[in-house]
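According to our numbering, the sequence shown is numbered sequentially starting from 570.
Beta carbons are placed, not taken as given, at the ideal position from N, Cα and C, and that holds for glycine.
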Amino acid sequence: MKLLPIFAATAALASSAHAWAPSSSAPSRPFARLSMASVTEGVDYAVPERYCTDHPNNNVPPHIAALVGRGLHTKADHPIGIVRAQIEEYFNSLPEEYKIFDAEDPIVTTKQCFDDLRLEPDHPGRSPSDTYYITDDTLLRTHTSAHQSMHLKDGYDAFLCAGDVYRRDEIDSSHYPAFHQLEAVKLFDKADMEGADGLTGEDWTKSPECETIAADLKQVLEGLMDHLFGETEKKWSEDYFPFTEPSFELEIKYQGEWLEVLGCGVVHEEVLDMAGRGDRRGWAFGLGLERLAMILFEIPDIRLFWTEDERFSSQFEEGKITKFEPYSKFPPVFKDIAFWVPEGFVENDFFEMARGVAGDLVEKIDMIDEFTNPKTNKSSKCYRITYRSMDRSLTNEEIDALQDSLRDKSAELDLEVR
Ligand code: FA5
Ligand code: MG
């Protein structure tokens, strides 16, 4: 099943009813007032108990809590860290100075992750079927955009921020419930935006100043792709995010296929306003580091980034993009499971249960059959689970045992195994 992209809400929000603050009301902050409150200092993020608690609405399973704090994006000789360093190298070569962040707390509030970014209360990305909640109003960040507002509030005009993000999602070779994003925000000089003072909504998005920002954003990102890939074919499309307007996505051509690598846009004036920066304008983007690393290093499966197998880690070196040599592909084992599903069944709950039982041995889960009995009106779904280890051959007995315990556990989701 194709899931709704988490931040591309279907209905565009009504245009701003909230007047953009005139430049006099929010003077830009002098550098001396910058605070470092944005980063929790001295906290060890690699403590599963921080994430997996007994709060009644906590839905973080132990296998997810165990991933937090691994800091792959800060490891100089890990593909995720190598790509991130190359991106920073590019930004360091640009005339503006970008402040670099990489140690924000992965626990954020619903305000930081959603409200500050204009995600409506009923936005699907906020639902516990898509998001890992710690308590009712704290969660594992679903995107690095969750940190935009606090860095803006702290007075930064240009910054990068990289980190691990978490989403309950489908399971296959390019989706993993934990992955990494790198975010960037750049505000423009007030003097260059004066012509658009006071403009909101369409008056703003149609202004030459807004066009200048969008053009700069595209140029910076095309330059970044050329820096990473050499000259490569690129394609811009319109996208939708509640926090940028206009919004775009960038795809690059990889092995004959177009692959989405990032979302971006001109920061919505209300987002800047809420961050106390309503006197400024600028752009933001968020890109997926795994997507880029899979292409650059030819890493075929997203689970590999998390392996602690020496045969993986020993292949990479700081500052070098090298082709990954698979240490042999072990055969898959397929198992099907069919059940009657209760009303309101959430597929992600089942995917998560499978990963809870069998961990990374689950390579992918596909729905292969679905029907509704016209007499009873009950629906049945059949899923094919592909089990495969990245580092050894699996025995039939061990997979049968895992499949049996998955069948048993299915009752917890009110699934009636057929
Ligand atoms: C966002 O997360 C927005 N916060 C991006 C953004 C930032 C837009 C700033 C505007 C301004 P999206 O859900 O499309 O958007 O994810 C951004 C990128 O993360 C994708 O292009 C993709 O490269 C990567 N990504 C998304 N989901 C996954 C996943 N399950 N596994 C690996 N990478 C993913
Ligand atoms: Mg997207």
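beta-carbon residue i near the ligand FA5 non-hydrogen atom, thresh 7 Å
i	result
His-993	In the structure displayed, the chain extends from 570 to 987; residue 993 sits before or after that span and is not available.
Phe-660	no
His-744	yes
Thr-774	no
Val-910	no
Glu-859	yes
Asp-726	no
Gln-750	yes
Ala-783	no
Gly-851	no
Arg-736	yes
Leu-856	yes
Thr-813	yes
Residue burial classification, residue i (beta-carbon count within 10 angstroms, cutoff 16)
i	result
Pro-943	exposed
Val-612	exposed
Ser-806	exposed
Ile-968	buried
Phe-940	exposed
Arg-924	buried
Ala-731	buried
Lys-892	exposed
Thr-813	buried
Pro-911	exposed
Residue from the options whose Cα sits closest to the Cα of residue i
i	options	result
Ala-672	Ser-742, Asp-969, Lys-947, Glu-752	Glu-752
Trp-827	Gly-834, Leu-841, Lys-803, Asp-842	Lys-803
Ala-980	Val-931, Ser-948, Phe-919, Glu-932	Phe-919
Ile-633	Ala-715, Arg-736, Val-789, Leu-688	Arg-736
Glu-829	His-716, Met-843, Leu-858, Thr-945	Leu-858
Trp-852	Thr-801, Ser-816, Glu-689, Lys-889	Ser-816
Lys-755	Met-959, Gly-855, Tyr-701	Gly-855
Ala-513	Gln-824, Pro-664, Arg-695, Trp-875	Only positions 570 to 987 of the chain appear in this structure, which leaves residue 513 out of reach.
Asp-929	Gln-788, Glu-912, Arg-961	Arg-961
Gly-638	Ala-645, Tyr-620, Asn-628	Tyr-620
Residue i Cβ short of 7 Å to the ligand MG heavy atom set
i	result
Asp-733	no
Gly-832	yes
Glu-818	yes
Glu-829	yes
Asp-808	yes
DSSP bridge partner residues for residue i (one or two, in chain order)
i	result
Asp-738	Beta-bridge pairing links Asp-738 to no other residue.
Asp-808	Ser-816
Closer than 8 Å is the cut-off here; do at least three beta carbon pairs connect the stretch 671-680 with the stretch 702-712? yes
Is there contact here, the stretch 840-848 with the stretch 861-869, by at least three beta-carbon pairs under 8 Å? no
Determine, using beta-carbon pairs with one atom in the stretch 643-661 and one in the stretch 790-808, whether at least three such pairs fall under 8 Å. yes
Given 8 Å as the limit, is there contact between the stretch 765-778 and the stretch 741-751, that is, 3 or more CB pairs closer than that? no
Specify whether the stretch 883-893 and the stretch 928-936 touch according to this definition: at least 3 beta carbon pairs, one from each stretch, less than 8 Å apart. no
Does the stretch 956-975 come into contact with the stretch 904-924, if we say contact requires no fewer than three beta-carbon pairs (one atom in each stretch) closer than 8 Å? yes
Are three or more beta carbon pairs between the stretch 825-842 and the stretch 771-784 nearer than 8 Å? yes
Does the contact criterion of 3 or more C-beta pairs under 8 Å hold for the stretch 711-719 versus the stretch 682-702? yes
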